[in-house]
Amino acid sequence: MLGRVAEGIFWLYRYLERAENTARLLAAGHRMALTRRTDEATQEWRSVLITLELDEDYDKVHQGYSGAQVCDFVLRARTNPNSVLSMFERARTNARTCRSAITREVWEAINEGWMNLRELLSRPVREANLGPVLAAIRRESSLARGATHGSMLRNEIYAFARLGTFLERADNTARILDVKYYLLLPSLSYVGTALDSGQWENVLRSLSGERAFSWLNAGRIDARSITEFLLLDERFPRSLRFCQGAMHENLDALARHHGGKGLAHESLARIDAMLDDRTVEQVFEHGLHEFIRGFITANAAIADGIARNYHFQP
Amino acid sequence: MTGPGIEKFDEMLAADGSVRPAYRGYHEWLSRQDTGLMRRKGAEAESVFRRTGITFNVYGEDDAEERLIPFDMVPRIVTGNEWRRLSRGIEQRVRALNAFIHDLYHRQEIVRSGRLPLRVIQNNSAWLPQMVGFTPPGGVYTHIVGIDLVRTGSDEFMVLEDNARTPSGVSYMLENRETMMAMFPELFTQVKVRSIADYPRNLAASLAACAPEGAGDKPTIAVLTPGIFNSAYFEHAFLADQMGAELVEGSDLRVVDGRVQMRTTDGYRPIDVLYRRVDDDYLDPLTFNPDSVLGIPGIFDVYRAGRITIANAPGTGVADDKAIYSFMPEIVQFYTGEQPLLPNVQTWRCADKDSLAYVLDKLPELVVKEVHGSGGYGMLIGPTSSRKEIEAFRAKLIAKPDNYIAQPTLALSTCPIFTKAGLAPRHVDLRPFVLCSPDGVEITPGGLTRVAMRKGSLVVNSSQGGGTKDSWVLDD
């Protein structure tokens, strides 16, 4: 396949994944803001912007952090080149550019998704409508992923698609945990207490992991278990460990296809060293923030390695 | 524009209101359909096209970067017999075109024989001196041709235009059929229509048969597109997808070790056949257009060395010129030794003094076209133009008569379309698609019917708001 098309596919699935995760983050933020005092709600919206690395862009055009304003900015503002709408638009442009590399089902899912969201986001989203809009974003992204799963050949193209998905997902999970951890620090006298279960539940909710977690932990909730769950649980599809496994699977498929491993595998080995045989206690000892920063850097290096190994650029 | 005295031919209904043989099966089916249901089907078709992204980019419109070509649900139908006659004429014409282009770039026998004036070639902007003396792999210039036909009577089909350079529209032909079969499956069990589904396979086979020597039995084919902003991008992607070929842009290609190669995830890999959907000018900046940042530097040297097939061959556009068109009856006769089976539309070359005088005199009645024009741009349709428009055109014509040809305003046949008020006749043409390779000439039964959606309009071009129909050849 063409290097340019491989790049297009890889980013297409990154955009879709990021759009979906952004919707999750907003949904959790909104729920949080509803149940808190105004200053806490403000803090919550700010943390959403920081997690998405949109805080600086937002501060350039807005003062204050009302839910409506933050949601509008994140979802659809023209002043935000990384809005969910423009991410979907870029995903769809990539799908058009790579039209012959995807099936008709995938193309239709992405094209229809874009048409629906463009319509839904053509005017400011009222609070009453926020839930359905966020649900629609997740649904459109799920449909595209489902069409991919159900109709694409398990070949090189699929490997690039999956790598885009899991690389982005790992990055997003890491960022959410990092920001929340910092935000929650003042309320933590030491790690391991259950001071503000509402806040921690919100972390889980941002990653659609609240049900899975309480099922596994019989309703108990504490920072240590949640961190362990999000970092190291190989059963949870948004944990770093799970993403690591999926990246292995797909990088190995590429290596088989191309007859050899490359730079991306070297960076993945760094992640292996961070996650394999690791306990959550060791992570806290080392410092969760440093740990996550190290992870995000290694994860980004995998993306660079893929781009160079597989000739994304001339 | 059916003025007094001009008889108009409707594809479905004869003058006495009876249904023509080609439409008997369809009409019978239609008379049993509920009108409300048909209306809903129309809306359904539009949403299918939007969803599948069968869109068309229109140049010069900011807000509408992707538009749908209107699709009408009433098929254009020709009988098996009509088609057999047409396809013989088309094949003859396409063989002549290919021989003609070969001759133009070699001995120019047709000029020596006095049948074609040299100036027609010298004035032809599509003429490529770089092609002189070179024969493309397999001897084929026009791998894919679209012949635009119009009909003015029961036995009167004429060629309006030859598209030898890069005919487009074949994806609409295929998608229109898919859409019709999805919407009205029972119709296709009642009326037997010849299938067109083999086109992509035939195209791939035909291109492969033209591969350069040494390409092996599975040559690598790629479709070259200018990119997603091109008006026909959907078609480029569609054909690449259907053929299982790579869809490449200029930036993917590079000349490496004397071959044209594409940047794959494994590094550069050679291409044997390039089905290009870019103009000659944007092929090779070294050879054609030094100012262009598009194109693949050095591709033309590879081509001349016989190491890649470019389809259609560079320089093929000479045959699309309307001044050349006016000589097609002579051209067909010269290269086939036969009388043309398909006539031309009567054409006055404004370069001739007498013709120019006639055209200037009859301007309000005629259609005047630029010799190098296409897409319905830059033309005058006398009977539907205002006096002011005619006078403005007259000035252009006098200033540069060589640049124009004129034709009578034809009563193009009509075919019904669905409108809010029910069925209404609209003018249509027909563009059959033809594949040429050393293995022979292959014509897909039917083609693309273009239809002027506005009442009375004769302009069927999609860039001017024209629509399309599914085109049937009956399997009778």
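Each protein sequence line maps, in turn, to chains A and B. If you read the first sequence in numbering that gives the first Met the number 0, its first letter stands for residue 0, the second for the next number, and so on. If you read the second sequence in numbering that gives the first Met the number 0, its first letter stands for residue 0, the second for the next number, and so on. For each residue, glycine too, the CB sits at the ideal point set by N, CA and C.
Using a Cβ cut-off of 7 Å, pull out every chain B residue sitting near residue i, in sequence order please.
| i | result |
| --- | --- |
| residue 135(A) | Going along chain B, no residue has its Cβ under 7 Å from residue 135(A), so there is no contact; the nearest lies around 16 Å. |
In chain B, which residues lie less than 8 Å from residue i when you measure between Cβ atoms?
| i | result |
| --- | --- |
| residue 86(A) | Near residue 86(A) there are no residues of chain B at all, since even the closest Cβ is about 18 Å away, more than 8 Å. |
| residue 95(A) | 52, 227, 232, 236 |
Using the beta-carbon of each residue, which ones in chain B are nearer than 9 Å to residue i?
| i | result |
| --- | --- |
| residue 92(A) | 227 |
| residue 114(A) | 49, 50 |
| residue 77(A) | Going along chain B, no residue has its Cβ under 9 Å from residue 77(A), so there is no contact; the nearest lies around 16 Å. |
| residue 110(A) | 49, 50, 51, 52 |
| residue 155(A) | 264 |
Run through chain A and tell me which residues come within less than 7 Å of residue i, C-beta to C-beta.
| i | result |
| --- | --- |
| residue 236(B) | 98, 99 |
Hey, is residue i's beta-carbon within less than 8 Å of any beta-carbon in chain A?
| i | result |
| --- | --- |
| residue 283(B) | no |
| residue 265(B) | yes |
| residue 502(B) | With chain B represented from 0 up to 475, any question about residue 502(B) goes unanswered, as that position is not in the structure. |
| residue 15(B) | no |
| residue 420(B) | no |
| residue 239(B) | yes |
| residue 0(B) | Residue confidence for residue 0(B) is low, a pLDDT of 42 falling below 50, so the modelled location carries little weight and cannot support an answer. |
| residue 61(B) | Caution applies to residue 61(B), whose pLDDT of 44 falls short of 50 and renders its modelled position unreliable; the value that the coordinates give is listed next. Answer no: the Cβ-Cβ gap between residue 61(B) and chain A never drops below 8 Å. |
At a CB-CB cut-off below 8 Å, which residues of chain A make contact with residue i?
| i | result |
| --- | --- |
| residue 262(B) | 1, 2, 3, 310, 313 |
| residue 247(B) | 1 |
Would you verify that the beta carbon of residue i is, or is not, closer than 8 Å to some beta carbon of chain B?
| i | result |
| --- | --- |
| residue 265(A) | no |
| residue 321(A) | This structure does not reach residue 321(A), given that chain A is present from 0 up to 313, and the question cannot be answered. |
| residue 44(A) | no |
| residue 106(A) | yes |
| residue 257(A) | yes |
| residue 188(A) | With a pLDDT of 47 at residue 188(A), under the threshold of 50, the modelled position of that residue is not reliable, and no figure is offered here. |
| residue 192(A) | Here residue 192(A) scores only 46 on pLDDT, less than 50, and its place in the model should not be relied on; the value that follows carries that caveat. Not closer than 8 Å to any Cβ of chain B, the Cβ of residue 192(A) fails to qualify, so no. |
Opposite residue i in the DSSP bridges: which residues?
| i | result |
| --- | --- |
| residue 150(B) | 156(B) |
| residue 359(B) | In DSSP, residue 359(B) forms no bridge with anything. |
| residue 70(A) | DSSP lists no partner for residue 70(A). |
| residue 470(B) | 75(B) |
| residue 403(B) | 369(B) |
| residue 347(B) | 405(B) |
| residue 70(B) | 467(B) |
Measure how close the beta-carbons of residue i and residue j come, nearest whole angstrom, since I'm counting them as under 8 Å.
| i | j | result |
| --- | --- | --- |
| residue 229(A) | residue 278(A) | That belief does not hold up - the Cβ atoms of residue 229(A) and residue 278(A) are roughly 14 Å apart, past 8 Å. |
| residue 269(B) | residue 259(B) | 7 Å |
| residue 266(B) | residue 447(B) | About 39 Å separates the two Cβ atoms, so there is no contact after all. |
| residue 220(B) | residue 272(B) | 5 Å |
| residue 382(B) | residue 193(B) | That belief does not hold up - the Cβ atoms of residue 382(B) and residue 193(B) are roughly 36 Å apart, past 8 Å. |
| residue 142(B) | residue 238(B) | 13 Å between Cβ atoms; not a contact. |
| residue 163(A) | residue 11(A) | 7 Å |
| residue 344(B) | residue 409(B) | 6 Å |
Does the region 154 to 166 of chain B touch the region 458 to 465 of chain B, meaning 3 or more C-beta pairs lie closer than 8 Å? no
If you pair each beta-carbon of the region 432 to 441 of chain B with each one of the region 126 to 146 of chain B, do three or more pairs fall below 8 Å? yes
Whether or not the region 200 to 218 of chain A and the region 244 to 261 of chain A are in contact is what I'm after, with contact meaning three or more pairs of Cβ atoms, one per stretch, closer than 8 Å; do they touch? no
Decide if the region 387 to 407 of chain B is in contact with the region 165 to 180 of chain B; the criterion is three or more beta carbon pairs, one per stretch, under 8 Å apart. no
Decide yes or no for the touch test of the region 115 to 126 of chain A against the region 84 to 91 of chain A: beta carbon pairs closer than 8 Å, at least 3 of them. yes
Do the region 41 to 50 of chain A and the region 64 to 72 of chain A touch if we need at least three Cβ pairs shorter than 8 Å? yes
Determine, using beta-carbon pairs with one atom in the region 307 to 323 of chain B and one in the region 353 to 373 of chain B, whether at least three such pairs fall under 8 Å. yes
Segment contact flag, the region 183 to 194 of chain B with the region 246 to 265 of chain B, C-beta cutoff 8 Å, min 3 pairs: no
I want to know whether the region 268 to 277 of chain A touches the region 306 to 313 of chain A - three or more CB-CB distances under 8 Å. no
Three or more beta-carbon pairs under 8 Å between the region 146 to 160 of chain A and the region 285 to 295 of chain A, yes or no? no
Does the structure place the region 306 to 313 of chain B close enough to the region 39 to 55 of chain B that three or more beta carbon pairs sit under 8 Å? no
For the region 293 to 301 of chain B against the region 238 to 253 of chain B, do three or more pairs of beta-carbon atoms, one drawn from each stretch, fall closer than 8 Å, so that the two count as touching? yes
Can you confirm whether the region 231 to 247 of chain B touches the region 92 to 102 of chain A when touching is taken to mean that 3 or more C-beta pairs between the two stretches lie within less than 8 Å? yes
For the region 90 to 102 of chain B and the region 328 to 341 of chain B, state whether three or more C-beta atom pairs, one from each stretch, are separated by less than 8 Å. yes
Is there contact between the region 384 to 398 of chain B and the region 419 to 429 of chain B, where contact requires at least three CB pairs shorter than 8 Å? no
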